[in-house]
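Trainee: This structure is in structure tokens; I'll ask about it shortly.
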Amino acid sequence: MQYRLAVTAKAHYKSSERYGNTNNILQKLSSVTGILGSIGPVYIPLTWKSIGVKYPLRTSIMGSLSVVSLVFTVAVKTKFHSAATLHQLHFHAGNDCRYLQRQVQFFAETDLWNPKVPWATLATNYLKLLETQKAVNSHIQTEEWAYRAALDKMEKREKEKRQKEREKQAEMDQLS
Numbered sequence: 001m002q003y004r005l006a007v008t009a010k011a012h013y014k015s016s017e018r019y020g021n022t023n024n025i026l027q028k029l030s031s032v033t034g035i036l037g038s039i040g041p042v043y044i045p046l047t048w049k050s051i052g053v054k055y056p057l058r059t060s061i062m063g064s065l066s067v068v069s070l071v072f073t074v075a076v077k078t079k080f081h082s083a084a085t086l087h088q089l090h091f092h093a094g095n096d097c098r099y100l101q102r103q104v105q106f107f108a109e110t111d112l113w114n115p116k117v118p119w120a121t122l123a124t125n126y127l128k129l130l131e132t133q134k135a136v137n138s139h140i141q142t143e144e145w146a147y148r149a150a151l152d153k154m155e156k157r158e159k160e161k162r163q164k165e166r167e168k169q170a171e172m173d174q175l176s
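Residue 1 is where the sequence shown starts when you use the UniProt record's numbering, and the numbers rise one by one after that.
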């Protein structure tokens, strides 16, 4: 349970990072469109005749940008599947998984090996942890690509640790 929560938390953080980057790109594009769109209504009436005659394409581009800016401002609402919302949801889900992972680790290190704790108490504590895990997982599902990437990264890290331990053990064997 603890390992699975660690992988899930890493997957949520990977998803959060990706959606955060996407959100930054969309905000920059929206800012550029908004600036150009707000310049358009001022730019077109003041210089319509001189620019319209010389550069007819430029006036139509500025007009269309001002319309697009108006549509973005008025019509686009915050949606559940927007990059900003998904960034926040995955980040908070990652934090919740990390917190639950620490609770499970504490439970495993203290109560589980304590012979004074009755089995009924262990069972109720474990059921509470399972219910909490179910509640955390119900907020938002992990992205499959992020889960696989996090799992691969953790497995690679575990292999490297085992390899280093083997190398240290081999060095110790050679020295003795």
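Glycine included, C-beta positions come from ideal geometry on N, C-alpha and C.
Since the structure is predicted, the reported quantities are computational estimates derived from the model, not experimental observations.
Determine the burial state of Pro14: buried for a count of at least 16 other Cβ atoms within 10 Å of its Cβ, exposed for fewer.
Mentor: The displayed chain sequence assigns Lys, not Pro, to residue 14. Per the 10 Å Cβ criterion, buried.
Trainee: Going by DSSP in three states, Gln2 sits in which element: helix, strand or coil?
Mentor: Helix.
Trainee: Is DSSP giving Gln174 helix, strand or coil here?
Mentor: Gln174: helix per DSSP, three-state reduction.
Trainee: Which same chain residues, not among the five before or five after Ala149, have their C-beta less than 8 Å away from its C-beta?
Mentor: Ala11, Lys14.
Trainee: With distances taken between CB atoms, is the gap from His87 to Asn137 smaller than 8 Å?
Mentor: No, Cβ-Cβ distance for His87 and Asn137 is not below 8 Å.
Trainee: Straight-line CA distance for Ala170 to Glu160?
Mentor: Cα-Cα distance, rounded: 15 Å.
Trainee: What residue does the alpha helix (DSSP H) around Ser138 start on, and which one ends it?
Mentor: It spans 119-139 - the alpha helix (DSSP H) in which Ser138 sits, taken as one unbroken run.
Trainee: Once you ignore the five residues that flank Gly94 on each side, which residues in its own chain have a CB closer than 7 Å to its CB?
Mentor: Cβ neighbours of Gly94 beyond the five flanking positions: Ala9, His12, Tyr13, Ser16.
Trainee: Starting from the Cα of Met1, find the closest Cα among Leu175, Ala108, Arg18 and give me that residue.
Mentor: Cα-wise, what sits closest to Met1 is Ala108.
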